[in-house]
Each structure stands twice: as C-alpha cells, then as structure tokens.
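Residue numbers (our numbering), protein chains in the order written: chain A, 92 to 332; chain B, 778 to 888. Contents: one structure, followed by commentary.
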Amino acid sequence: MLADLHNHSCLSPCGSLDLSPRVLVEQAAKKGIEILALTDHNTVANGSAFKKLCARYHIIPLFGMEATTREEVHVLCLFDTLEQALGWGEQVYALLPPIPNDPERLGDQVIVNEDDEIEGEVDVYLGSALDLGLDEIGPLVESAGGLVIPAHVDRPAFSMTSQLGFVSPGPWSALECVRLPPAVDTLGYPLITGSDAHYPEHVGRRSFDLPVSAEQCSEAKAHGRISLSVIRTALSNCPRS
Amino acid sequence: MKISEVIRSLNTEVVQGQFEDTELEGAYTSDLLSDVMANAKSAGALITIQAHKNTVAVATLVNISLIIICNSRPIPEDMIEAAREEGVAIIRTSENQFMTSGRLFNLLGCR
C-alpha cells in the first residue's frame with residue numbers, strides 16, 4: 092500500500108499556512124496515498140480534523156507527531172488511534188520548555204477544523220526540544236501504545252547523524268531516509284522514505300510502498316483503519332539497505 | 778568591538794555580508810539551538826556548526842547579529858537568504874568552536 096508517514100500541517104511553525112489538514116488529505120488522495128500520517132512538531136492538536144478528513148477521502152489515518160528530543164533529533168511517533176496519540180500529546184506538552192511562540196519570526200501555529208476554520212493557536216513554541224532524551228523516547232512511546240521511527244536520518248540537520256554523528260541503536264520500527272540507499276550506516280534497520288511535507292506541493296513527493304498482504308489491505312480498507320501491529324510487521328519487511 | 782572589525786581580525790570567509798555594523802558585546806558557543814534559545818541572552822555572536830535556516834530564526838530571537846560557522850561546514854542557500862533578510866552576518870572558518878571561541882574571547886577583551 093502506498094504510505095506516507097511524515098507530514099506537517101499549518102500547526103507546525105515551519106509549515107505553510109496553506110497546508111491545512113484538508114489540503115494535506117486532498118493532495119494525498121490525488122497522489123493515491125492509502126495510509127497517511129499527520130506528524131506536526133511536538134503536537135497532535137490537528138488530529139481531530141485530520142481523522143474526519145481521512146474518513147471523508149477513504150484514506151487510512153495514522154496519528155502522532157514528529158517529536159524533538161533533547162539532542163534535537165527528530166523522531167516520528169505513530170499511533171493507530173487518535174485517543175492514544177492525544178494522550179501522548181499531553182505527555183509531550185508537559186515536556187516542552189515554556190518559550191512562547193513568536194509568529195512573526197518563527198511562524199504561525201494554528202489549530203484548524205476540517206473546513207480550514209481557525210479554532211485556536213498553540214502559544215508555546217512547538218519547535219523547541221523536549222526535556223526527553225533519545226534513549227528515553229522509544230520506551231515511552233511504546234508504553235503509550237505507539238511506535239517510533241527516527242526521521243530523515245541522512246539529513247544534515249535535526250537527525251541522528253547531524254546531532255550524534257551516527258545512527259544509534261534503539262527500539263526503532265524503521266528509519267526514515269531522504270534518499271535510498273542512504274549515505275550513512277543504518278545498522279540493518281528497515282528503511283522507508285517520507286515526504287516531510289511543509290507545503291501543499293510537497294505532499295506525496297517521497298511516499299513509499301508498505302508491504303501489506305492483500306488480505307490485510309482489504310481488511311484495512313473495509314474498516315478505514317489499520318492496526319499498529321500490522322504496520323509494525325509490514326515495516327519489518329521493508330528493505331534494509 | 779564592531780562586527781566588521783571582528784570579521785577583519787578573524788580574517789575568514791564572509792558568507793553573508795549585509796548587516797548593520799553594531800557593537801558586539803559578547804558571544805555564545807553552542808550546537809544545540811534549544812540551548813541557544815534558552816541561554817544566549819543578547820549574545821552578539823554565535824559560534825556553532827549548525828548551518829541551517831533555523832539557526833538564523835533562533836539568532837534573531839536572542840539578538841545574535843553574527844553567526845560564525847566552524848569546521849568549514851557547508852552552508853545552504855536558504856540559510857544565507859534568511860540571514861540576508863534579517864540582516865544577520867554569517868562568516869565561516871576552518872577552525873573548530875574551541876579555537877574560534879578563544880579568538881573571540883581575546884578580541885572582545887573578556888576576562
């Protein structure tokens with residue numbers, strides 16, 4: 092199934108105001124994406140609109156965020172239910188430093204509904220690093236019912252290689268790369284790509300094929316949801332080099 | 778000491794040279810932007826290897842007007858663009874953060 096597990100919305104300070112959850116899901120549907128995740132920086136607050144839109148466009152949603160660890164490594168945290176993701180979102184909010192956002196300089200952080208209407212703003216700057224280490228985030232997300240995928244490990248900023256100098260072992264379900272094969276040692280983990288969309292035109296630029304069986308695929312489509320255990324198994328079958 | 782004098786004294790590559798030539802009061806050395814944001818209070822100069830656009834955004838929040846990129850790190854075009862818009866100077870050196878901090882320490886007469 093065509094999947095894209097790394098996408099921002101207008102809620103991320105660096106995300107375009109034009110990339111509402113509605114535009115994201117619409118564009119993804121046009122590109123034929125079947126499994127889509129919304130992963131704003133350190134927040135799940137646009138998850139509710141995203142869920143409604145995915146149902147409308149018959150896309151299977153995953154919920155979560157792109158968390159920033161203390162080392163400023165970006166890590167995708169993914170859940171199969173909005174409730175679990177929101178629970179994780181609450182934990183994360185408590186770990187954000189109380190630095191207010193400055194929309195002029197850092198960008199807007201708007202919460203919107205499924206019709207692009209602004210419902211609020213997040214006051215705390217979401218681009219900050221959490222008071223949470225890279226070695227702590229995996230077990231915490233797992234106990235909240237989710238899985239973790241370190242983001243763009245081969246990018247020269249906000250990645251394991253830029254911040255630590257190497258890919259560090261951990262409970263990762265896969266590693267996300269910008270390019271395959273990656274130019275860094277990925278220790279034999281399954282490898283995927285993600286669009287990391289910040290603008291409407293980015294949606295679908297690096298989707299990947301998630302190897303789900305025909306049976307699991309039709310079941311997921313019939314129910315409009317996919318369980319994380321199916322995702323986990325499919326990720327483990329992704330290429331490792 | 779003025780930014781232009783510091784740049785002249787360090788004798789290194791000017792990557793973004795459109796800036797207001799103000800007085801440098803001090804400097805901060807860090808490669809974690811969250812640390813810069815939390816602790817670099819009106820630092821003047823930032824000595825770092827984090828060469829990307831976000832460094833400029835954080836610099837403007839804490840009144841950093843000169844970014845010194847160490848170890849000859851490549852600097853992406855969008856970082857230079859952002860710095861030009863904000864009037865933040867960028868220079869690049871082949872030396873590391875320790876050596877650069879030491880030079881600035883002496884230039885600014887820190888004790």
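Just so you know, even glycine gets a beta-carbon here, dropped at the ideal spot from N, CA and C.
Need the endpoints of the alpha helix (DSSP H) that residue i sits in, please.
i             : result
residue 866/B : No alpha helix (DSSP H) contains residue 866/B, which is instead part of the beta strand (DSSP E) from 866-869.
residue 117/A : 112-121
residue 241/A : That residue, residue 241/A, is in no alpha helix (DSSP H); its beta strand (DSSP E) goes 238-241.
residue 789/B : From DSSP, residue 789/B is part of no alpha helix (DSSP H); its letter is neither H nor E.
residue 833/B : 830-838
residue 86/A  : Here chain A comprises residues numbered 92 to 332, so residue 86/A is not present and cannot be evaluated.
residue 815/B : 810-816
residue 855/B : 854-863
residue 251/A : 251-254
Beta carbon of residue i, beta carbon of residue j: below 9 Å?
i             : j             : result
residue 843/B : residue 859/B : no
residue 311/A : residue 92/A  : yes
residue 101/A : residue 109/A : yes
residue 217/A : residue 104/A : yes
residue 246/A : residue 281/A : no
residue 295/A : residue 146/A : no
residue 164/A : residue 255/A : yes
residue 158/A : residue 133/A : yes
residue 869/B : residue 852/B : yes
residue 814/B : residue 202/A : no
residue 808/B : residue 826/B : yes
residue 130/A : residue 167/A : yes
Measuring only the C-alpha atoms, how far is residue i from residue j?
i             : j             : result
residue 180/A : residue 307/A : 28 Å
residue 270/A : residue 126/A : 20 Å
residue 324/A : residue 871/B : 46 Å
residue 170/A : residue 253/A : 26 Å
residue 800/B : residue 279/A : 51 Å
residue 839/B : residue 804/B : 11 Å
residue 885/B : residue 778/B : 6 Å
residue 810/B : residue 835/B : 7 Å
residue 175/A : residue 236/A : 7 Å
Where does residue i sit, in a helix, a strand or coil, going by DSSP?
i             : result
residue 800/B : strand
residue 191/A : strand
residue 201/A : strand
residue 215/A : strand
residue 883/B : helix
residue 326/A : helix
Taking residue i as part of the beta strand (DSSP E), name the residues at either end of that continuous run.
i             : result
residue 935/B : Lying before the first or after the last residue shown, residue 935/B is absent from chain B, which here runs from 778 to 888.
residue 130/A : 126-132
residue 334/A : Past the boundaries of the shown model lies residue 334/A; chain A is included only from 92 to 332, so the question cannot be answered.
residue 821/B : 821-825
residue 93/A  : 93-95
Length at least 4, wholly inside the region 257-322 of chain A: the alpha helix (DSSP H) runs in chain order: 305-314
Please give me, in chain order, every unbroken run of the alpha helix (DSSP H) with length at least 4 that falls completely inside the region 135-187 of chain A. 138-147, 173-184
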